[in-house]
Structures are given as C-alpha cells and as structure tokens.
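Numbering (the working numbering), first residue to last: 26 to 187.
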C-alpha cells in the first residue's frame, strides 16, 4: 500500500438487507443501464463500472447500511493492513477526513443474495495437546451448526494432518 499509495484489493463484506427488494432492485436497475467505464484487462474477464450519482438511490443504500452490522467474509488481514497504513500516514502528516487513506474499497453482498455461495475452508491445527484438542472440539460443538459432524469430530480426534 505504501509503494502504490493505494489499496485496490476489495474486502468481501456481507450484511443483512432488511429492505432487500429495494436495494436489489436498485442494483439491478443500475446494472441494466450502460456502464460508466468498461475495462478489459489481459487474461481477465471484462469489468464494468457504474457510477451512481442519483441522491435518492444513494439515500436508500445509505439508509440500509447505516444501521446494519457488516461482516468481513474475506479480507480481514487486508483491512488490518489498511488500518496500519492509515496510522503510518497520519503519523507523518495531517490527514483530511475526505482523503482516500481513510476509506477502504469493499464488495458488499447481502446475506440473502441468492448468488452468494459460501464454501468451507480450513485452518491447520497442529502441536495441540489432548486437552487443547478437547477444548477445540467442545467449542466447535457449542458454537457451530455442523451437518454430518461425526466424520469431522472423528478426524479431529485422530493424530496427523488432514
């Protein structure tokens, strides 16, 4: 970020859209129009960008997001890096509120978006004691809804890496 003076890799952020039909309809209407810019990077799919300037449209989207909790589904390390970068810039000079260093690009996706498919991911747990594994299993059972959890718990109890 320091070298580019930019953060151009968006965070994937999910949120509850209580007014789903209004926001989704706005997005569909916007995307149904001509894009402001079309990019065709080599070896990538065509990218289209729409600029939204209508105050009514902006107000509806802001009203939905204003009181919504948002969750970083992917990119928490990029978010933390952006905060560190912002702190570094602020330590070097005074930063105006509207400067880009104070903002982070995000892809906002509704929990209720039918095209949102989340797949499982894994984290390697190694060098844990039997007691630590027992606590991990207990925590998983208490905090997660797992379908077909028998195989997961069986694998967690086996020594080795999976």
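Even glycine gets a Cβ: it sits at the ideal position worked out from N, Cα and C.
Tell me, which residues are paired with residue 135 by DSSP? Walking along the chain shown from the start, residue 135 turns up at place 110. The partner list for residue 135 (beta bridge, DSSP) reads 40.
Could you have a look at residue 64 and say whether DSSP puts it in helix, strand or coil? Taking the first residue of the chain shown as position 1, residue 64 is located at position 39. In the three-state DSSP reduction, residue 64 falls in the strand class (E or B).
Would you mind reading off the limits of the beta strand (DSSP E) that contains residue 96? Here residue 96 refers to the residue found at position 71 of the chain shown. Residues 95-99.
Roughly how many angstroms lie between the CA atoms of residue 30 and residue 100, to the nearest whole one? For the purposes of this step, residue 30 is taken as the residue at position 5 of the chain shown. For the purposes of this step, residue 100 is taken as the residue at position 75 of the chain shown. So the two alpha carbons sit approximately 18 angstroms from each other.
List the whole-angstrom C-beta distance separating residue 33 from residue 130, where the pair is believed to meet the contact cut-off of C-beta under 8 angstroms. Working through the chain shown from its first residue, we reach residue 33 at position 8. Working through the chain shown from its first residue, we reach residue 130 at position 105. Between residue 130 and residue 33 the Cβ distance is about 7 angstroms, and since that is below 8 angstroms, they are a contact.
Taking the alpha-carbon of residue 103 as reference, which of 74, 36, 175 has the nearest alpha-carbon? The residue you call residue 103 lines up with position 78 of the chain shown. Selected option, being the one with the closest Cα: 36.
For residue 124 and residue 91, what's the separation of their Cα atoms in angstroms? For the purposes of this step, residue 124 is taken as residue 99 along the chain shown, with counting starting at 1. For the purposes of this step, residue 91 is taken as residue 66 along the chain shown, with counting starting at 1. In a straight line, the C-alpha of residue 124 is about 21 angstroms away from that of residue 91.
Taking the DSSP output, what are the residues bridged to residue 72? Counting from one through the chain shown, the residue named residue 72 turns up at place 47. According to DSSP, which records beta bridges pairwise, residue 72 is partnered with 64.
Terminal residues of the continuous alpha helix (DSSP H) containing residue 30? Taking the first residue of the chain shown as 1, we reach residue 30 at position 5. Per DSSP, residue 30 is not a residue of any alpha helix (DSSP H), being assigned neither H nor E.
Around the Cβ of residue 51, are there at least 16 other Cβ atoms within 10 angstroms (buried) or fewer (exposed)? Reading the chain shown from its first residue, position 26 is the one you call residue 51. Buried.
Taking Cβ positions only, does residue 130 come closer than 9 angstroms to chain B? Chain labels in this structure do not include chain B; a single protein chain is all it has.
Would you mind giving the Cβ-Cβ distance between residue 133 and residue 38, rounded to the nearest angstrom? I have them listed as a contact below 8 angstroms. Locating residue 133 in the chain shown gives position 108, counting from the first residue. Locating residue 38 in the chain shown gives position 13, counting from the first residue. Confirmed, about 5 angstroms.
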